[in-house]
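Structure record follows, encoded as structure tokens.
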Amino acid sequence: MTTLKYLAGYNENVLAQVRELIARDRLGDWLRTRYDQPHSVRNDNALYEYTVAMKDRYLRKTGPLNKVVFDNRLQVVRHALGTHTTVSRVQGSRLKASREIRIATVFRDAPAEFLRMIVAHELAHLKEHDHNKPFYQLCTHMVPDYHQLEFDLRLYLTHLDCARMSAPAPDRD
0 MTTLKYLAGY NENVLAQVRE LIARDRLGDW LRTRYDQPHS VRNDNALYEY TVAMKDRYLR
60 KTGPLNKVVF DNRLQVVRHA LGTHTTVSRV QGSRLKASRE IRIATVFRDA PAEFLRMIVA
120 HELAHLKEHD HNKPFYQLCT HMVPDYHQLE FDLRLYLTHL DCARMSAPAP DRD
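Last residue of the sequence shown: 172 (numbering that gives the first Met the number 0), numbering continuous.
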């Protein structure tokens with residue numbers, strides 16, 4: 000039986016359908032038919048510009064972003080999408096906040112829709128720290144099909160995990 004760690008909490012009917020796609024080796028094909036467009040964001044500068052453009056469109060009144068990067072140290076299981084941090088430092092008599100967003104490097108090769116959903120998720124944390132109703136309302140304001148994309152992203156991560164587990168082990172001489 001396949002462990003579906005990215006789909007914990009979904010009902011058994013959904014999990015059975017996913018297991019069936021995996022057993023028939025059709026999950027990757029299904030994802031490719033739905034999400035065939037790669038994104039063009041290949042480096043940290045492009046990711047910063049992409050994120051700031053989305054922020055300027057939907058969240059004009061939030062403070063500036065200081066850093067947006069792909070981070071190869073993020074564990075996808077622990078930080079499913081990315082991280083957002085606000086670091087406050089005292090500079091003279093002022094308190095200066097630095098806002099950073101880090102996206103796991105695995106998403107550099109993800110379909111365009113998934114990157115848009117991940118960036119919207121992290122940007123929503125600029126206004127709402129918790130995953131509550133206003134947070135998800137903001138996410139769906141930025142990306143109307145947010146919930147479907149989040150589920151499909153979980154399927155994408157499951158597919159990558161299955162592919163990694165079925166890949167032959169490297170030879171060690």
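Yeah, the Cβ is synthetic: ideal placement off N, Cα and C, and Gly gets one too.
All values reported here derive from a predicted model rather than from experimental measurement.
Kindly indicate which three-state DSSP category residue i falls into: helix, strand or coil?
i	result
E127	coil
K60	coil
A111	helix
R31	helix
A7	coil
V40	coil
Keeping to the same chain, check which residues put their C-beta closer than 7 angstroms to that of residue i; ignore five residues upstream and five downstream.
i	result
F106	F113, L114, I117
V142	R115, M116, A119, L148
D144	none
Measure the Cβ-Cβ separation of residue i and residue j and say whether it is below 8 angstroms.
i	j	result
Y57	H140	yes
A109	Y155	yes
N71	S97	no
M53	A111	no
H146	L30	no
D43	V17	no
I'd like the list of long-range same chain contacts for residue i, defined as Cβ closer than 6 angstroms, with 5 residues on each side in sequence excluded.
i	result
Y34	P110, E112
Y5	R153, L156, T157
P133	E127
Could you pull out every residue in the same chain whose Cβ sits closer than 8 angstroms to the Cβ of residue i, ignoring the five residues on either side in sequence?
i	result
R41	R107
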